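Which chain is which? The protein sequence lines are C and B, in order. The number in the numbering used here is simply the position in the first sequence, starting from 1, with 361 added. The number in the numbering used here is simply the position in the second sequence, starting from 1, with 361 added. Note that CB positions come from ideal geometry on N, CA and C, so glycine has one too. Remember, predicted model here, so these are calculated numbers, not experimental data. Comments concern the structure below.
There are 2 protein chains.
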Amino acid sequence: MPTPRLLVPVLLLATAAAAAQTPPKKFAQPTTVRELIAVSQPSDWRPIDPEHTLYLELSSGRVTIELAPQFAPKHVANIEKLARAHWYDGLAFVRVQDNFVAQFGDPLNSKPEVGEKRLPAEFTRSAAGLPFVRLKDPDTFASEVGFSGGFPAARTSADGEAWAVHCYGALGVGRDNDPATAIGTELYVVIGHAPRQLDRNVAIVGRVVAGIELLSSLPRGNGELGFYEQPEERVPIQSVRLASEVPAAERKPLEALRTDVPIFQKLIELRRNRKDAWYKVPAGKIDLCNVPLPVRERAEKPEKADKAEKRR
Amino acid sequence: MPTPRLLVPVLLLATAAAAAQTPPKKFAQPTTVRELIAVSQPSDWRPIDPEHTLYLELSSGRVTIELAPQFAPKHVANIEKLARAHWYDGLAFVRVQDNFVAQFGDPLNSKPEVGEKRLPAEFTRSAAGLPFVRLKDPDTFASEVGFSGGFPAARTSADGEAWAVHCYGALGVGRDNDPATAIGTELYVVIGHAPRQLDRNVAIVGRVVAGIELLSSLPRGNGELGFYEQPEERVPIQSVRLASEVPAAERKPLEALRTDVPIFQKLIELRRNRKDAWYKVPAGKIDLCNVPLPVRERAEKPEKADKAEKRR
Chain C
362 MPTPRLLVPV
372 LLLATAAAAA
382 QTPPKKFAQP
392 TTVRELIAVS
402 QPSDWRPIDP
412 EHTLYLELSS
422 GRVTIELAPQ
432 FAPKHVANIE
442 KLARAHWYDG
452 LAFVRVQDNF
462 VAQFGDPLNS
472 KPEVGEKRLP
482 AEFTRSAAGL
492 PFVRLKDPDT
502 FASEVGFSGG
512 FPAARTSADG
522 EAWAVHCYGA
532 LGVGRDNDPA
542 TAIGTELYVV
552 IGHAPRQLDR
562 NVAIVGRVVA
572 GIELLSSLPR
582 GNGELGFYEQ
592 PEERVPIQSV
602 RLASEVPAAE
612 RKPLEALRTD
622 VPIFQKLIEL
632 RRNRKDAWYK
642 VPAGKIDLCN
652 VPLPVRERAE
662 KPEKADKAEK
672 RR
Chain B
362 MPTPRLLVPV
372 LLLATAAAAA
382 QTPPKKFAQP
392 TTVRELIAVS
402 QPSDWRPIDP
412 EHTLYLELSS
422 GRVTIELAPQ
432 FAPKHVANIE
442 KLARAHWYDG
452 LAFVRVQDNF
462 VAQFGDPLNS
472 KPEVGEKRLP
482 AEFTRSAAGL
492 PFVRLKDPDT
502 FASEVGFSGG
512 FPAARTSADG
522 EAWAVHCYGA
532 LGVGRDNDPA
542 TAIGTELYVV
552 IGHAPRQLDR
562 NVAIVGRVVA
572 GIELLSSLPR
582 GNGELGFYEQ
592 PEERVPIQSV
602 RLASEVPAAE
612 RKPLEALRTD
622 VPIFQKLIEL
632 RRNRKDAWYK
642 VPAGKIDLCN
652 VPLPVRERAE
662 KPEKADKAEK
672 RR
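As structure tokens, then:
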């Protein structure tokens with residue numbers, strides 16, 4: 362019998378990237394993303410800010426979320442307020458709809474009121490002043506797509522409207538028909554093919570940078586819209602904390618490959634036109650939501666750790 | 362506190378569609394896919410052929426796969442031969458890579474040889490003679506996309522090459538670097554954002570029409586490329602059978618909404634421009650892989666059941 366057939370990897374695993382932080386000379390002409398990461402420089406990476414990072418703790422482990430105040434400042438501020446008040450602790454994932462979203466919140470309205478009761482919509486923002494590295498590939502939905510501060514994004518034009526895009530792992534704010542009801546007490550993570558129809562209809566407030574597999578592998582709900590029919594099916598949330606409020610020993614500082622550096626363009630090109638022996642026909646193009654956004658562990662700076670310790 | 366925030370559903374659940382097979386007059390102007398399905402006619406549906414349907418049985422339930430002989434006739438024939446020989450029984454899912462694929466096969470090469478040892482590549486086929494209902498929306502990868510026999514597909518032109526597209530739920534044939542090693546002894550199902558870079562590099566042989574959630578919710582593998590590191594993590598396959606070879610009492614006949622009927626165009630338009638109160642900004646466009654392909658249970662015709670009974 363032939364040996365087991367392998368498919369080449371499409372996703373860069375954070376752990377794989379983290380294993381290769383020392384640039385070896387043998388990858389002078391990288392042909393894969395991993396090889397490219399291996400020749401990156403420290404300046405190609407940006408620390409993920411612990412002041413805008415959520416640790417969502419499940420019994421299965423930690424989901425780490427980078428927040429996006431540049432796209433939804435009021436919503437992010439309110440979510441951070443809720444996290445500081447430990448408001449999310451003890452809530453649960455109540456809905457997991459296949460190829461769509463995993464959603465958590467307070468279905469029984471059991472929590473005391475903290476933070477804003479209504480917020481103005483932050484579905485889009487002005488493109489003016491927003492850094493934007495354009496992706497040249499055509500997009501079905503938007504006239505311009507690209508990356509801003511590490512987030513997949515779109516805009517109508519350089520002086521028009523801009524918004525974060527619903528790619529896999531995006532964190533969005535659930536709401537009723539009234540946009541002002543989106544305040545951050547119900548949140549969802551995209552776990553399927555990008556539901557781009559939600560773009561400009563929801564505030565995107567972050568993206569999962571580690572642990573997405575803990576959400577995407579949850580049992581799907583059998584109820585309408587993927588809600589769990591029985592309360593005991595819900596997946597409890599132990600806590601949601603800002604990384605900056607967690608003791609240093611419990612933190613795992615991360616860094617993300619910058620999207621505004623030349624090596625990121627090389628990464629995109631390697632994915633547009635694969636060079637390994639497995640591929641017979643290069644795609645020639647790439648979809649915004651298929652561009653890898655590498656994240657890896659970084660060494661914590663001691664002074665940051667001390668600062669957090671004092672804050673406890 | 363406000364009531365729980367809901368997101369409108371993006372996916373039509375087969376069960377939901379099945380619940381509404383009688384056209385009620387109140388949906389004369391449908392505004393949702395479910396309402397549209399409710400006013401469909403029997404002739405808008407096509408039975409899914411049990412001769413080209415696989416039942417993949419896991420301890421958690423059944424995954425139903427419609428095969429696509431129109432795109433990869435030799436590969437489908439070999440897979441059907443393997444299924445008839447019960448060759449897949451007792452194998453396992455060995456790899457589940459997040460936002461990519463769930464893959465099964467024979468990692469220990471423990472099975473006797475059945476069927477072809479090598480096959481010519483069937484990554485594309487001639488577009489001539491292939492029914493093709495074009496989707497007008499722009500696509501990042503292909504000059505023309507649309508639907509053929511219920512499958513998302515692409516082509517270079519009406520007399521060029523055509524291929525089935527890697528949307529969520531697609532079943533593809535794993536292989537080594539040599540295309541001839543793709544024979545159907547290792548298969549994968551897409552469980553993430555469409556990996557369109559695989560298009561034209563792999564034979565697509567089918568799509569999951571029921572039970573995809575049993576695969577997409579599997580634990581992700583911690584090894585390289587999402588392989589399970591420990592053999593005991595692998596997810597056993599009880600059996601893979603052609604639906605036509607299963608006793609009538611164990612079958613669940615399905616039918617799919619035809620993609621070459623006017624109501625399917627109405628469905629697409631309802632998804633391009635949502636009409637319910639939740640959406641504030643219609644997308645105006647739709648991605649090929651976000652078009653719902655409704656499937657529902659159908660009443661089995663008695664003669665079909667008898668035929669299968671006799672074949673046991």
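(message) Which complete alpha helix (DSSP H) runs does the segment 415-477 of chain C hold, if anything under 4 residues is left out?
(response) Those alpha helix (DSSP H) runs which fall completely within the segment 415-477 of chain C and span 4+ residues are 434-445.
(request) Consider the Cβ of Gln-390(B): report whether some Cβ of chain C lies at a distance smaller than 8 Å. (result) no
(request) Check whether the Cβ atoms of Phe-457(C) and Gly-535(C) lie closer than 8 Å to each other. (result) Rather than Phe, the amino acid found at residue 457(C) in this sequence is Val. No; because the gap between Cβ atoms is not below 8 Å, this pair is not in contact.
(request) Answer with yes or no whether the minimum CB distance from Asn-439(B) to chain C is below 8 Å. (result) no
(message) Within 8 Å of any Cβ in chain B, is that where the Cβ of Gln-382(C) sits?
(response) Model confidence at Gln-382(C) stands at a pLDDT of 39, short of 50, so the residue's coordinates are unreliable and nothing is read from them.
(message) Which residue wins for smallest C-alpha separation from Arg-395(B), given the options Gly-507(B), Lys-636(B) and Lys-646(B)?
(response) Ranking Gly-507(B), Lys-636(B) and Lys-646(B) by Cα distance to Arg-395(B) puts Lys-636(B) first.
(message) Rounded to the nearest angstrom, what separates Phe-508(B) and Ala-438(C) at their Cα positions?
(response) 45 Å
(request) List the residues of chain C whose Cβ lies closer than 8 Å to the Cβ of Tyr-529(B), in chain order. (result) Asn-460, Gly-553 and His-554
(request) Could you round the C-beta distance between Gln-599(B) and Leu-397(B) to whole angstroms and report it? I think they count as a contact, below 8 Å. (result) Actually they are not in contact, since the Cβ atoms of Gln-599(B) and Leu-397(B) sit about 37 Å apart, beyond 8 Å.
(request) Using a Cβ-Cβ cut-off of less than 9 Å, give me the residues of the segment 393-411 of chain B that come near chain C, in sequence order. (result) none
(request) Quick one: which unbroken alpha helix (DSSP H) runs of 4-plus residues sit fully inside the segment 545-583 of chain B? Chain order, please. (result) 573-577
(request) Write down every uninterrupted run of the beta strand (DSSP E) in the segment 391-415 of chain C whose length is 3 residues or greater and which is fully enclosed by it, in chain order. (result) DSSP runs (the beta strand (DSSP E)) wholly in the segment 391-415 of chain C: 406-408.
(request) May I ask which residues mark the beginning and end of the alpha helix (DSSP H) holding Arg-633(C)? (result) 623-633
(message) At the 8 Å Cβ level, is Asp-450(C) part of the contact set with chain B, yes or no?
(response) With 8 Å as the cut-off, Asp-450(C) does not count as an interface residue toward chain B.
(message) I'd like to know whether the C-beta atoms of Leu-615(C) and Val-656(C) end up nearer to each other than 8 Å.
(response) yes
(request) Give the straight-line distance between the Cα atoms of Gly-422(C) and Ala-571(C), rounded to the nearest whole angstrom. (result) 10 Å
(message) Once the 5 residues before and after Phe-512(B) are set aside, which same chain residues still bring their CB inside 6 Å of it?
(response) For Phe-512(B), where only same-chain residues beyond five positions count, the Cβ hits under 6 Å are Ala-429 and Ala-525.
(message) Looking only at its chain, what residues have a beta carbon closer than 6 Å to the beta carbon of Gly-553(C), apart from the 5 residues adjacent to it on each side?
(response) Within the same chain, Gly-553(C) has close Cβ partners Asn-460 and Phe-461.
(request) Determine the chain C residues that contact Lys-497(B) at a beta-carbon separation under 9 Å, and present them in chain order. (result) Simply none; closest approach about 11 Å.
(message) Would Pro-486(B) pass as an interface residue toward chain C - the criterion being a Cβ-Cβ separation below 8 Å?
(response) It should be noted that the sequence gives Arg, not Pro, for residue 486(B). Not one chain C Cβ lies under 8 Å of Arg-486(B).
(message) Rounding to the nearest angstrom, what Cα-Cα distance links Arg-495(C) and Leu-496(B) in this structure?
(response) 26 Å
(request) Report the neighbours of Val-642(B) on chain C: residues whose CB is nearer than 7 Å to its CB, in chain order. (result) Arg-561 and Asn-562
(message) At the 8 Å Cβ level, is Ile-426(B) part of the contact set with chain C, yes or no?
(response) Cβ-Cβ to chain C under 8 Å: no for Ile-426(B).
(message) If you reduce the DSSP assignment to three classes, tell me which class Leu-618(C) lands in.
(response) strand
(request) Figure out for me which residue from Pro-623(C), Asn-470(C) and Thr-414(C) has the closest Cα to the Cα of Gly-567(C). (result) Thr-414(C)
(request) Name the two residues that bound the continuous beta strand (DSSP E) containing Asn-508(B). (result) Residue identity check: residue 508(B) is Phe in the sequence provided, not Asn. Per DSSP, Phe-508(B) belongs to the beta strand (DSSP E) from 505-509.
(message) Please report the straight-line C-alpha distance between Leu-559(B) and Lys-442(C), rounded to a whole angstrom.
(response) 43 Å
(request) Measure the beta-carbon distance from Val-551(C) to Gly-584(C) and round it to whole angstroms, keeping in mind my assumption that it falls under 8 Å. (result) Between Gly-584(C) and Val-551(C) the Cβ distance is about 20 Å, and since that is not below 8 Å, they are no contact.
(message) Below 8 Å, how does it come out for the segment 608-627 of chain C and the segment 640-656 of chain C: are there three or more Cβ pairs, yes or no?
(response) yes
(message) Give me the chain B residues within the contact set of Pro-540(C), using Cβ-Cβ distance strictly less than 8 Å, ordered along the chain.
(response) Lys-641
(message) For a cutoff of 8 Å on Cβ pairs, would you count Ser-504(B) as touching chain C?
(response) no
(message) Just to confirm my understanding: we take Ile-595(C), look at its own chain, exclude 5 residues before and 5 after, and list those with CB closer than 7 Å. What are they?
(response) Reading the sequence as shown, one finds Arg at residue 595(C) and not Ile. Result list for Arg-595(C): Ala-453, Phe-454, Val-455 and Tyr-589, in chain order.
(request) For Pro-411(B), count neighbouring C-beta atoms within 10 Å of its own C-beta (all shown protein chains included) and say buried if the count is 16 or more, exposed if not. (result) buried
(message) Let me check one thing: in DSSP terms, what residues is Leu-603(B) bridge-paired to?
(response) Leu-415(B)
(message) What residue range does the beta strand (DSSP E) around Leu-496(C) cover?
(response) Run containing Leu-496(C): 494-496, per the beta strand (DSSP E) assignment.
(message) With the cut-off set at 8 Å, would you say Asp-500(B) and Ile-647(B) are in Cβ contact?
(response) no
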